[in-house]
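Protein chains in written order, with my numbering: chain A, 1 to 392; chain B, 1 to 176. Backbone N, C-alpha and C define an ideal beta-carbon position, used for all residues, glycine too.
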């Protein structure tokens with residue numbers, strides 16, 4: 001939440017044509033720039049970000065520090081690649097641009113993408129670094145692309161000269177399957193000196209990691225343990241939710257085509273169903289609720305309504321209300337309304353469970369109950385299916 | 001020395017410590033461990049163990065805004081004999097100066113500190129130039145021995161306020 005003005009120095013030299021970062025180094029860099037701009041503006045609405053290019057015909061400021069995200073994204077389009085990166089000039093121009101920022105209360109920060117060899121002497125870089133420190137400008141360096149001999153050393157020297165109280169960072173991104181932006185998300189460049197990782201970064205990371213269950217979150221727990229923990233917890237919750245939803249799907253109708261991931265989850269669920277526990281009062285309640293929902297005309301063959309599912313998850317009360325309204329209309333299997341889609345959706349069950357007081361969806365007994373329900377209803381569904389298909 | 005400080009603190013001149021707007025005080029190129037409050041805050045500045053130190057090189061740029069308009073009469077800078085400041089330039093009412101534009105505007109006053117000054121003897125300023133001061137920028141250009149680091153133990157500003165707290169100043173004289 002630090003009020004900050006940032007200048008991003010983009011490397012658009014010839015070395016950026018290389019494809020070792022997919023789709024190309026330059027594209028990966030552009031994505032990273034967009035992400036950074038978003039993160040900065042979101043962490044504090046008064047933050048401003050500017051962009052300049054360091055290569056091609058010379059250092060050129062594309063956008064002075066502004067809080068208008070659209071302007072920055074627009075200026076990243078149609079950039080020409082060529083020439084050689086001029087790191088020293090780029091940093092100095094960035095410093096000048098920051099000096100003339102409108103809101104003098106903002107802290108000054110420069111983010112440099114160093115993808116090509118550094119032609120300057122180490123001494124010169126140290127001098128520049130000291131000048132930055134003197135004017136209390138922080139510097140973040142993203143070292144990617146070319147691994148020149150001495151390049152890392154020079155950048156380390158620059159960082160040491162600038163670094164004041166750990167406000168400046170350097171990140172090495174080796175070429176690999178992970179996108180440049182994904183790797184950067186977990187670094188202090190995004191999380192802002194570890195001030196409780198920005199919500200933007202965490203959300204972006206969770207979105208990329210939680211999509212497929214069982215995916216090893218691409219965040220190194222060593223780099224950012226808080227973020228890794230948050231990801232792990234969110235994945236556990238997601239997994240529990242999906243398991244419950246998978247069972248719901250299986251009972252409603254296997255006619256509903258869930259994604260491949262869902263099948264995998266339902267398989268996991270069936271394995272757990274081998275454990276049987278005694279049903280207590282809560283389970284009885286659950287059973288009633290499930291029976292009620294199953295009696296409702298579940299039609300929607302056209303399933304994969306992820307948006308709907310998320311909507312239902314987000315608003316369990318809505319799902320409940322919709323369920324009640326559908327229960328009234330009853331036995332209208334032909335109606336392909338959104339309502340029925342919502343009901344048919346497996347996440348409905350998890351939301352119902354969540355809204356029931358005293359029920360913990362993650363409770364093993366609940367899970368087992370659902371599993372047993374699923375196995376019971378499997379046969380029932382197979383009977384139902386031919387009926388409903390006739391109706392359609 | 002007490003006689004001379006008395007002459008500096010005369011005609012109702014008070015220590016302007018109470019009128020400093022602490023929320024906006026800034027200092028460029030200070031070291032994180034030895035920062036500006038060590039030199040100007042009550043209690044800290046009396047402690048000789050605490051001092052303000054420069055970081056990357058020997059220059060320091062201080063920005064001190066005031067809560068009300070004041071007139072500046074004199075300034076006392078205390079520091080070690082070898083690493084204490086030498087040339088001190090002052091600007092009034094110039095906001096957000098940086099090291100790059102210290103040469104753009106002529107300073108309202110320049111003080112070259114002698115070792116006597118560094119022991120605490122105040123330097124009388126061009127009073128007429130500091131009649132209407134909302135903020136003060138102090139640029140310490142170099143130190144006594146051209147060393148890498150400049151150290152300042154205490155900075156004291158003497159002057160008077162322009163508005164109604166003249167009564168306070170008068171009261172001070174009565175105490176004498």
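Original post:
On the three-state DSSP scale, how would you describe residue 127 of chain B?
Top reply: helix
Original post:
Excluding the five sequence neighbours on either side, which residues of its own chain have a C-beta within less than 6 Å of the C-beta of residue 80 of chain B, listed in chain order?
Top reply: 151
**OP:** Go ahead and label residue 181 of chain A buried or exposed: buried means 16 or more other beta carbons lie within 10 angstroms of its beta carbon, across all protein chains shown.
**Re:** buried
Subject >> Residue span of the beta strand (DSSP E) that contains residue 160 of chain B, given as start and end >> reply: 154-161
Original post:
Curious, which full-length beta strand (DSSP E) runs of at least 3 residues does the region 14-81 of chain B contain?
Top reply: 26-28, 60-78
**OP:** To the nearest angstrom, report how far apart residue 104 of chain A and residue 96 of chain B are at their CA atoms.
**Re:** 7 Å
Subject >> chain A within 7 Å of residue 148 of chain B, Cβ atoms only >> reply: no
**OP:** Give the straight-line distance between the Cα atoms of residue 91 of chain A and residue 72 of chain A, rounded to the nearest whole angstrom.
**Re:** 19 Å
Original post:
Pick from B:23, B:56, B:158: whose alpha carbon is nearest that of residue 120 of chain B?
Top reply: B:158
Subject >> Among A:69, A:89, A:189, nearest to residue 172 of chain A - alpha-carbon criterion >> reply: A:189
Original post:
Which of the residues in the region 84-115 of chain B, read from start to end, lie with their CB under 8 Å from any CB of chain A?
Top reply: 95, 96, 98, 99, 100
Subject >> Interface residues of the region 24-46 of chain B facing chain A [CB-CB below 7 Å] >> reply: 28, 29, 32
Subject >> Against chain A: residues of the region 55-82 of chain B by CB proximity under 7 Å >> reply: 55, 56, 57
**OP:** Report yes or no: do the region 36-45 of chain B and the region 102-117 of chain B share at least 3 C-beta pairs separated by less than 8 Å?
**Re:** no
**OP:** Taking residue 5 of chain A as part of the beta strand (DSSP E), name the residues at either end of that continuous run.
**Re:** 4-10
Original post:
Are the region 74-81 of chain A and the region 114-122 of chain A touching, with three or more C-beta to C-beta distances below 8 Å?
Top reply: no
**OP:** Have a look at the DSSP bridge pairing and note the partners of residue 109 of chain A.
**Re:** A:6, A:138
Original post:
Could you give the distance in angstroms between the alpha-carbon of residue 1 of chain A and the alpha-carbon of residue 43 of chain A?
Top reply: 5 Å
Subject >> Sheet register partners of residue 50 of chain A (DSSP bridge) >> reply: A:7
Original post:
In the region 149-178 of chain A, which residues sit with their C-beta less than 9 Å from some C-beta in chain B, listed in chain order?
Top reply: 161, 164, 165
Subject >> Identity of the residue in B:42, B:100, B:27 nearest residue 18 of chain B by Cα >> reply: B:42
Original post:
Is it the case that the Cβ atoms of residue 74 of chain A and residue 12 of chain A are separated by a distance below 7 Å?
Top reply: no
Original post:
On the three-state DSSP scale, how would you describe residue 139 of chain B?
Top reply: strand
Original post:
Quick one: is residue 29 of chain A buried, meaning 16 or more other Cβ sit within 10 Å of its Cβ, or exposed?
Top reply: buried
Original post:
Comparing alpha-carbon positions, which option in A:239, A:184, A:109 lies nearest residue 227 of chain A?
Top reply: A:184
Subject >> Below-7 Å beta-carbon distance, residue 122 of chain A vs any chain B residue >> reply: no
**OP:** With a floor of 3 residues, list each beta strand (DSSP E) that falls wholly inside the region 60-104 of chain A, ordered by position along the chain.
**Re:** 60-66
Original post:
What does residue 130 of chain A reach in chain B if we use C-beta pairs closer than 8 Å?
Top reply: 56, 57
**OP:** Compute the minimum distance between the beta carbon of residue 39 of chain B and the heavy atoms of the ligand PLP, and state whether it is under 6 Å.
**Re:** The model depicted lacks the ligand PLP and carries no ligand whatsoever.
Original post:
What residue from B:51, B:78, B:123 has the CA that sits closest to residue 33 of chain B's CA?
Top reply: B:51
**OP:** Identify the contact partners of residue 135 of chain A in chain B, using a Cβ-Cβ distance below 7 Å as the criterion.
**Re:** 28, 98, 99
Original post:
Below 8 Å, can you find three or more Cβ-Cβ pairs linking the region 156-173 of chain A to the region 133-142 of chain A?
Top reply: yes
Subject >> Proximal residues of chain B, C-beta to C-beta of residue 99 of chain A below 8 Å >> reply: 98, 100
Subject >> Cα-Cα separation, residue 23 of chain A to residue 145 of chain A >> reply: 13 Å
Original post:
Do residue 40 of chain A and residue 33 of chain A have their CB atoms nearer than 7 Å?
Top reply: no
Subject >> 6 Å CB neighbourhood of residue 85 of chain A in its chain, flanking five on each side removed >> reply: 11, 13, 54, 55, 116
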